[in-house]
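Trainee: I have a structure here, written as structure tokens, and I will follow up with some questions on it.
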Amino acid sequence: MPAWAEAQLERLERGEILDRKTLVQTLVAKVASSAPFVLHLEDAHEADAERLELIRALACAVTRTRGVGLLVSSRAALSAPFVVHHLEPLPLPEVSALLEGEVSGEIPRDGLAWVFERTRGNPLFALEFMRYLRRQGFLWSDGVHWHWREPPQAFVPITIESLIAQTIAHACPDDATRFVLETSALLPSDTRDRFALLVALTNLNASTLMRVVATLEARGVLREGVVFVHPLFREVIARDLPPER
């Protein structure tokens, strides 16, 4: 690693603040000295605007550095120079392996099918459902075998409710965006031409609605076709609406 980069790292270790350009150059020099190397950053959706700009600057520098990669996970889409890859839901066999690995045992098939139906292959949701089901006594072990009794269909772990609420709060910068999101949640999941129907229901013009929908897509709440990224988003939003809505 170059001597100048070592000097900057020493400044960082002393708690000194570097300007963005120097910080990026120093970080790239550090990882390049270990090439081939992939730097993995998680949960970029939780970063503030300043931190996101730093991540983008680091990504730009990485594209010009041989043998170095940057892998970032985020619920919200990241702009160029990132190439976005959406993770597909896990199939039932993989969800089963994930959950049974968590409990180190064989879970009744009915229980696995129920969790899979509710979580649609989302690994985080599947794990949270299983943990909450165990705490509530719907999934338990007698020391030899795991047993299962079906909970109410509308059962949603508080951890998932909190995660959805947090995501929605971040995704809705104004009342218009929240109104569109809430109205979308009231539409049946099989509704066709949802965009045109939302124009009529929200009294927003098409260009304004397009901007709002783009914001919700970028922040990981909706996907193409004005459809929620996961059915539980729609379910939780609709359930929590006041009766007058």
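With positions in the sequence shown counted from 1, the corresponding number in the numbering used here is that position plus 1143. All residues carry an ideal CB built from backbone N, CA and C; glycine is no exception. Please read these numbers as outputs of a predicted model, since none were measured by experiment.
Using a Cβ-Cβ cutoff of less than 7 Å, which residues in the same chain neighbour LEU1152 once the five nearest sequence positions on both sides are dropped?
Mentor: If you number the sequence shown from 1, residue 1152 lands on position 9. Closer than 7 Å at the Cβ level, and outside the excluded window around LEU1152, lie THR1169, LYS1173.
Trainee: Using three-state DSSP, classify VAL1205 as helix, strand or coil.
Mentor: In the sequence shown, counting from the first residue as 1, residue 1205 sits at position 62. VAL1205: helix per DSSP, three-state reduction.
Trainee: From the DSSP output, read off the bridge partner residues of GLY1212.
Mentor: For the purposes of this step, residue 1212 is taken as the residue at position 69 of the sequence shown. Answer is VAL1181.
Trainee: On a CA-only basis, which of THR1320, ASN1265, VAL1258 is nearest LEU1347? Give me that one, please.
Mentor: Within the sequence shown, the letter at position 204 stands for residue 1347. The residue with the shortest Cα to Cα distance from LEU1347 is THR1320.
Trainee: If contact is defined by three or more beta carbon pairs under 8 Å, each pair taking one atom from either stretch, is the segment 1203-1218 in contact with the segment 1234-1249?
Mentor: Segments in contact, no.
Trainee: Just reading off the alpha helix (DSSP H) that SER1332 is part of, what are its end residues?
Mentor: Taking the sequence shown and counting its residues from 1, the one referred to as residue 1332 is at position 189. First-last for SER1332: undefined, no H or E at that position.
Trainee: DSSP three-state label for HIS1313, please.
Mentor: Position 170 of the sequence shown, counting from 1, holds the residue named residue 1313. HIS1313 falls in the helix class under three-state DSSP.
Trainee: Within 10 Å of its beta-carbon, does HIS1373 have 16 or more other beta-carbons around it, so buried, or fewer, so exposed?
Mentor: Indexing the sequence shown from 1 puts residue 1373 at position 230. It counts as buried.
Trainee: Which residues mark the beginning and the end of the beta strand (DSSP E) in which SER1217 is found?
Mentor: Against the sequence shown, residue 1217 aligns to sequence position 74. Taken as a continuous stretch (DSSP letters only), SER1217 belongs to no beta strand (DSSP E), as it is neither H nor E.
Trainee: Check whether the segment 1194-1204 touches the segment 1306-1325, counting contact only when three or more Cβ pairs, one atom from each stretch, lie closer than 8 Å.
Mentor: Short answer: they don't touch.
Trainee: Over what stretch of residues does the beta strand (DSSP E) that includes SER1284 continue unbroken?
Mentor: On the sequence shown, position 141 is the one that residue 1284 refers to. Here the beta strand (DSSP E) through SER1284 covers 1282-1284.
Trainee: Taking GLU1378 as the reference, give the member of VAL1167, LEU1341, SER1332, PRO1294 with the closest Cα.
Mentor: For the purposes of this step, residue 1378 is taken as the residue at position 235 of the sequence shown. The option with the nearest alpha carbon to GLU1378 is SER1332.
Trainee: Can you tell me whether GLU1271 is buried or exposed, with buried defined as 16 or more other CB within 10 angstroms of its CB?
Mentor: As a first step, residue 1271 must be located in the sequence shown, where it is residue number 128. GLU1271 should be labelled buried.
Trainee: Would the beta-carbon of HIS1188 fall within 7 Å of that of ALA1219?
Mentor: Taking the first residue of the sequence shown as position 1, residue 1188 is located at position 45. Taking the first residue of the sequence shown as position 1, residue 1219 is located at position 76. Taking 7 Å as the Cβ cut-off, HIS1188 and ALA1219 qualify as a contacting pair.
Trainee: Report all residues from its chain with a CB closer than 7 Å to the CB of GLY1264; omit the five preceding and five following residues, and keep chain order.
Mentor: Within the sequence shown, numbered from 1, the residue matching residue 1264 stands at position 121. Answer for GLY1264: PRO1232, LEU1233, PRO1234, VAL1238, listed in chain order.
Trainee: In terms of residues, what are the limits of the alpha helix (DSSP H) holding GLU1231?
Mentor: Within the sequence shown, the letter at position 88 stands for residue 1231. Where GLU1231 is concerned, there is no enclosing alpha helix (DSSP H), given that its DSSP letter is neither H nor E.
Trainee: THR1326 and THR1345 - do their beta-carbons sit closer together than 7 Å?
Mentor: Taking the first residue of the sequence shown as position 1, residue 1345 is located at position 202. Taking the first residue of the sequence shown as position 1, residue 1326 is located at position 183. Yes, the pair counts as a contact, with Cβ atoms nearer than the cut-off.
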